[in-house]
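Read in UniProt numbering, the sequence shown has 77 at position 77, and its numbers run on one by one without any break. Backbone N, C-alpha and C fix where the C-beta goes; we use that ideal spot for every residue, glycine too. Computed from a predicted model, the values in this text were never measured in an experiment. Heads up, the thing below is written out as structure tokens.
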Amino acid sequence: MVHLAIASHSRVSFAQVLPDETTDSCEQFLRQAAAYYASMGVRIERVMTGNGAGYKNSSKAACGELRIRHIKPRPYTPKTNGKAERFVQSELREWAYGKT
Numbered sequence: 001m002v003h004l005a006i007a008s009h010s011r012v013s014f015a016q017v018l019p020d021e022t023t024d025s026c027e028q029f030l031r032q033a034a035a036y037y038a039s040m041g042v043r044i045e046r047v048m049t050g051n052g053a054g055y056k057n058s059s060k061a062a063c064g065e066l067r068i069r070h071i072k073p074r075p076y077t078p079k080t081n082g083k084a085e086r087f088v089q090s091e092l093r094e095w096a097y098g099k100t
């Protein structure tokens with residue numbers, strides 16, 4: 001399962017392949033993404049996650065500890081998370097399907 005974070009202003013992305021979307025994996029990803037952005041001097045103020053159970057459950061603990069406000073997207077509305085959706089489409093086209 002590919003987990004993805006994109007900085008809204010800079011568009012710097014952080015992706016990680018984890019075995020699943022369990023609460024533990026989602027929490028691990030949030031913490032590692034926060035550490036990655038912190039290493040570049042970026043402070044995360046808000047995070048918008050997917051609506052999967054793993055992110056809903058992990059977000060309270062991880063976001064509270066990291067002092068990040070959790071924003072939930074509207075269900076079944078991909079345009080709400082447009083940057084991530086576009087990134088995935090570009091990666092599929094250029095990497096997975098071998099087209100440029």
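Could you name the residues of the same chain whose beta carbon sits closer than 8 Å to that of residue i, not counting the 5 residues immediately before and after it, in chain order?
i, result
"R46", "I68, R69, H70 and I71"
For a test of the three-state rule: what should DSSP assign to residue i, helix, strand or coil?
i, result
"L18", "coil"
"R93", "helix"
"V42", "coil"
"R69", "strand"
"Y76", "coil"
So what does residue i bridge to, in DSSP terms?
i, result
"S13", "I6"
"M48", "I71"
Between which residues of its own chain and residue i is the CB-CB distance below 6 Å, once the five residues before and five after are set aside?
i, result
"E27", "S58 and A62"
"A5", "F14 and A33"
"L30", "A62"
"L66", "A34"
Starting from the C-beta of residue i, find all residues in its chain whose C-beta is less than 7 Å away, skip the five residues before and the five after it, and write them out in chain order.
i, result
"Y55", "C26 and T49"
"N51", "K72, P73 and P75"
- Message: Can you confirm whether the stretch 16 to 23 touches the stretch 39 to 46 when touching is taken to mean that 3 or more C-beta pairs between the two stretches lie within less than 8 Å?
- Response: Contact between the stretch 39 to 46 and the stretch 16 to 23 is absent, because fewer than three Cβ pairs lie under 8 Å.
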